[in-house]
Amino acid sequence: MSTIEERSVGTDYEQVQDSLEFADLRRRLRRFVFPMSVAFLVWYLAYVLLASYAPAFMSVKVLGNINIGLVIGLLQFVTTFMITTIYVRFANRNLDPAAERIREQIEGPR
Amino acid sequence: MKVLLAQAAAGVGSPRLNIAFFAGFMVITLVVVLLVGRTNRTASDYYAAGRSFTGPQNGVAIAGDYLSAASFLGIAGLIATSGYDGFLYSIGFLVAWLVALLLVAELLRNTGKFTMGDVLAFRMRQRPVRAAAATSTLIVSFFYLLAQMAGAGALIALLLQIPNSNVVGQGIVIAVVGVLMITYVLVGGMKGTTWVQIIKAGLLLLGAAVMTAWVVGRFGFNVSALLGQAVINSPQKVSGTTTTVLGERLLGPGLQYGSSATAKIDFISLGLALVLGTAGLPHILMRFYTVPTAKQARSSVVWAIWLIGVFYLFSLVLGYGAAALVPGGAQRIGTAPGGTNSAAPLLAFELGGEVLLGLISAVAFATILAVVAGLTITASASFAHDVYASMLKKGRATPDEEVRVARRTAAVIGFVAIAAGILARNQNVAFLVALAFAVAASANLPTILYSLFWRPFNTMGALFSIYGGLVTCVVLIVFSPAVSGKPTSMLRGVDFAIFPLSNPGLVSIPASFLLGAIGTYVGRKERFNREKYAEMEVRSLTGAGAERTVSQGQ
Numbered sequence: 043m044s045t046i047e048e049r050s051v052g053t054d055y056e057q058v059q060d061s062l063e064f065a066d067l068r069r070r071l072r073r074f075v076f077p078m079s080v081a082f083l084v085w086y087l088a089y090v091l092l093a094s095y096a097p098a099f100m101s102v103k104v105l106g107n108i109n110i111g112l113v114i115g116l117l118q119f120v121t122t123f124m125i126t127t128i129y130v131r132f133a134n135r136n137l138d139p140a141a142e143r144i145r146e147q148i149e150g151p152r
Numbered sequence: 050m051k052v053l054l055a056q057a058a059a060g061v062g063s064p065r066l067n068i069a070f071f072a073g074f075m076v077i078t079l080v081v082v083l084l085v086g087r088t089n090r091t092a093s094d095y096y097a098a099g100r101s102f103t104g105p106q107n108g109v110a111i112a113g114d115y116l117s118a119a120s121f122l123g124i125a126g127l128i129a130t131s132g133y134d135g136f137l138y139s140i141g142f143l144v145a146w147l148v149a150l151l152l153v154a155e156l157l158r159n160t161g162k163f164t165m166g167d168v169l170a171f172r173m174r175q176r177p178v179r180a181a182a183a184t185s186t187l188i189v190s191f192f193y194l195l196a197q198m199a200g201a202g203a204l205i206a207l208l209l210q211i212p213n214s215n216v217v218g219q220g221i222v223i224a225v226v227g228v229l230m231i232t233y234v235l236v237g238g239m240k241g242t243t244w245v246q247i248i249k250a251g252l253l254l255l256g257a258a259v260m261t262a263w264v265v266g267r268f269g270f271n272v273s274a275l276l277g278q279a280v281i282n283s284p285q286k287v288s289g290t291t292t293t294v295l296g297e298r299l300l301g302p303g304l305q306y307g308s309s310a311t312a313k314i315d316f317i318s319l320g321l322a323l324v325l326g327t328a329g330l331p332h333i334l335m336r337f338y339t340v341p342t343a344k345q346a347r348s349s350v351v352w353a354i355w356l357i358g359v360f361y362l363f364s365l366v367l368g369y370g371a372a373a374l375v376p377g378g379a380q381r382i383g384t385a386p387g388g389t390n391s392a393a394p395l396l397a398f399e400l401g402g403e404v405l406l407g408l409i410s411a412v413a414f415a416t417i418l419a420v421v422a423g424l425t426i427t428a429s430a431s432f433a434h435d436v437y438a439s440m441l442k443k444g445r446a447t448p449d450e451e452v453r454v455a456r457r458t459a460a461v462i463g464f465v466a467i468a469a470g471i472l473a474r475n476q477n478v479a480f481l482v483a484l485a486f487a488v489a490a491s492a493n494l495p496t497i498l499y500s501l502f503w504r505p506f507n508t509m510g511a512l513f514s515i516y517g518g519l520v521t522c523v524v525l526i527v528f529s530p531a532v533s534g535k536p537t538s539m540l541r542g543v544d545f546a547i548f549p550l551s552n553p554g555l556v557s558i559p560a561s562f563l564l565g566a567i568g569t570y571v572g573r574k575e576r577f578n579r580e581k582y583a584e585m586e587v588r589s590l591t592g593a594g595a596e597r598t599v600s601q602g603q
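Here the protein sequences line up with chains A and B, keeping their order.
The first sequence begins at 43 in our numbering and counts up by one.
The second sequence begins at 50 in our numbering and counts up by one.
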């Protein structure tokens, strides 16, 4: 077998795709991003619905002129920043090392 | 002539100073573009800046691309005159970035090369899918471009005190903006365009931060006091024969979107398009190709989220600040030249006089210029790479030929934008931006998600979801109150608005997901490309085989 055939990308990629390590990486990515996406979309839609259909509730004042609507709106900022930070930490710890190992198997160390 | 003078006198500040600041920005950016433009050699240099930007640099540039004049002037103005509902808008624009971060940015960076079509066509039949991707890219970019150029008219009226009736004067300014933008793109390519975005984003954030600190400082850093003053200073707004009571109502939701059951559903529809549209905007997607790795793409989005988030917090203060501090409040802002867009400039004048107004005006112009340049390079790249090289030349075009075509396309798009901008001056074009987001959310995002995550997805599925989403969206808009049937519609005096919502997203986004699945079923006889699917999935998750930095060190 020539080296070119051994490194033929098509078969390489199929073998990697079938490997346990890759399946594990894919599962870990999807188990994080899918539920997280559903969560922030539901939270955002709940906020939009509250603003549309419960304006009286949103206008209840909690501190001086600051009302519930403003607090929930600012919480949307907080959760967005939080999810960003959590994802970066998760990806650095649980995705990047495996992705790098698999990439090196295919391309050789860089 | 007397009318012109009277209209001009209604403005504030010194147009000469505004022009001087803007000329300063022009000179600095032109020098930068000339300097970096000299290193443009390959297609990868021209389209993707040689993939040589770092995550933080690209993140700042993304913020520059995203915070268009609509964001900067529009949201502050909306908050000043419609209160809380303007804030709702900005939250949709921000949360949308989580879709890009979690589901799109890194996988797209690893899979593609220059355009959205690279990803969508990866495991499909190349020519039909690339044609569809290019069509959608050109349409979204054109709507977005038109909105920016038309917005320039309103801005000119406000900042240079050239009234709307002065067609020649405004036309000349729009043409100058257009020619400058073409120069940036032709000379600087993606590298030059990116640096313009970075400089602009820096100025914008700095300007907004200074004004925010100034406003909050005036109220002894007490936000509640600021809100209270806004309520007192802006009791109502009168437009034509309708008087809207503001005051306390500025602080709660409902002023803009709460008037009827339809308006509420319309807002939900808009919210959906905003949150799902961002990750399907071609000029945003293309920015992810300017960094060397997926990890850098992730860091770009993280930087962009923080900068954009902080900026929208600033605009909350600026909006209520304008309602509180501008003499005459929301009433004066709504009737000033430039309409609600004048909130931030009027506030700047109130705080720092002519000089601060001049700075903010220059930043606003810079914003239009930079965003238009980004859109132009995206549209021209898609035409040259997807249509010319892949379809017309069937992949046999040399990179040099491809870049030559891209440059010519950029020039053509630039001149079309100038002409369209002059024609669409002061039209009600706010819905164009909403439409661009709706098309991006309907045609692009479902197709991107399906091709990245859904194994059985095939060529027919991709065509169904792109064209289906596109057609549904455009048809619904044509038959919506945005185009006819209302005093605020684009066409007056006719009424064929049989679809009740101005924002089609609520219907067109689910329709596109559904059509993608139906198309996949219709095209199920297509041979499943196991090899390409494996390559795409492995490449998207690990970066193996992905395009890397090319111009440096080779």
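Glycine included, C-beta positions come from ideal geometry on N, C-alpha and C.
For B:Gln285, there is no enclosing alpha helix (DSSP H); the residue is found in the beta strand (DSSP E) stretching over Gln285 to Ser288. Comparing alpha carbon positions, the residue from B:Ser318, B:Glu297 and B:Gly296 closest to B:Tyr306 is B:Ser318. For B:Ile426, DSSP assigns no beta-bridge partner whatsoever. Chain A has no Cβ within less than 7 Å of the Cβ of B:Phe70. Between B:Ala546 and B:Ser529, the gap from beta carbon to beta carbon is short of 7 Å. Taking 7 Å as the Cβ-Cβ cut-off, the stretch 133-145 of chain A approaches chain B at Ala133, Asp138, Ala141, Ile144 and Arg145, given in chain order.
In the DSSP assignment, B:Val280 falls within the alpha helix (DSSP H) that extends over Val272 to Asn282. Rounded to the nearest whole angstrom, the CA to CA distance from B:Arg172 to B:Phe163 is 16 Å. Between A:Gln118 and B:Ile111, the CB-CB gap reaches or exceeds 7 Å. Distance from the Cα of B:Cys522 is smallest, within the candidate group B:Asn507, B:Asn552 and B:Ser410, for B:Asn552.
Taking C-beta atoms as the reference points, B:Phe414 and B:Phe71 count as a pair closer than 7 Å. Per DSSP, the continuous beta strand (DSSP E) segment holding A:Val104 begins and ends at Lys103 to Leu105. Closest option to B:Glu297, judged by alpha-carbon separation, among A:Val58, A:Phe76 and A:Ser101: A:Ser101. If the five residues before and after B:Glu596 are omitted, its C-beta is found closer than 7 Å to the C-beta atoms of Arg100 and Lys162, all from its own chain and listed in chain order. For A:Glu149, the chain B residues whose C-beta falls within less than 8 Å of its own C-beta are Ala593 and Gly594, listed in chain order. As far as DSSP is concerned, B:Thr232 takes part in no beta bridge. Interface residue (Cβ-Cβ distance to chain B less than 7 Å): A:Ile125 is classified as such.
Taking 9 Å as the Cβ-Cβ cut-off, the stretch 82-93 of chain A approaches chain B at Phe82, Leu83, Trp85, Tyr86, Leu87, Tyr89, Val90, Leu91, Leu92 and Ala93, given in chain order. B:Val421 has a beta carbon lying at 7 Å or more from every beta carbon in chain A.
For A:Ile128, the nearest beta carbon of chain B is not closer than 7 Å to its own beta carbon. Under the 7 Å criterion on CB atoms, A:Leu67 is classed as interfacial with respect to chain B. Taking 7 Å as the cut-off, the Cβ atoms of A:Thr122 and B:Val465 do not count as close. B:Met440 places its beta carbon less than 7 Å from that of B:Arg176. Burial is judged here by how many other beta carbons sit within 10 angstroms of a residue's own beta carbon; A:Asn134 has fewer than 16 and is exposed.
When only Cα atoms are considered, B:Asp134 and B:Ile124 end up about 10 Å apart. The beta carbon of A:Ser79 sits closer than 7 Å to some beta carbon of chain B. Within the stretch 296-316 of chain B, Glu297, Arg298, Leu300, Gly301, Pro302, Gly303, Tyr306, Gly307, Ala312, Lys313, Ile314 and Phe316 place their CB atoms closer than 9 Å to a CB of chain A, listed in sequence order. Secondary structure note for B:Val109: its alpha helix (DSSP H) is the uninterrupted segment Gly104 to Tyr115. Straight across, the Cα-Cα distance linking B:Leu356 with B:Val543 is about 44 Å.
Taking 7 Å as the upper bound on Cβ-Cβ separation, chain A lies near residues Tyr133, Phe136, Leu137, Ile140 and Leu143 of the stretch 123-143 of chain B. Within 9 Å of the CB of A:Val104, no CB atom of chain B is found; the nearest one sits about 10 Å away. Per DSSP, B:Thr508 lies in no beta strand (DSSP E) segment; the continuous alpha helix (DSSP H) that holds it begins and ends at Thr508 to Val527.
The alpha carbon of B:Tyr369 has as its nearest neighbour, out of B:Arg87, B:Leu362 and B:Ala279, the alpha carbon of B:Ala279. Counting only runs of at least 3 residues, the stretch 64-145 of chain B fully encloses no beta strand (DSSP E) element at all. For A:Phe119, the closest Cβ of chain B is nearer than 7 Å.
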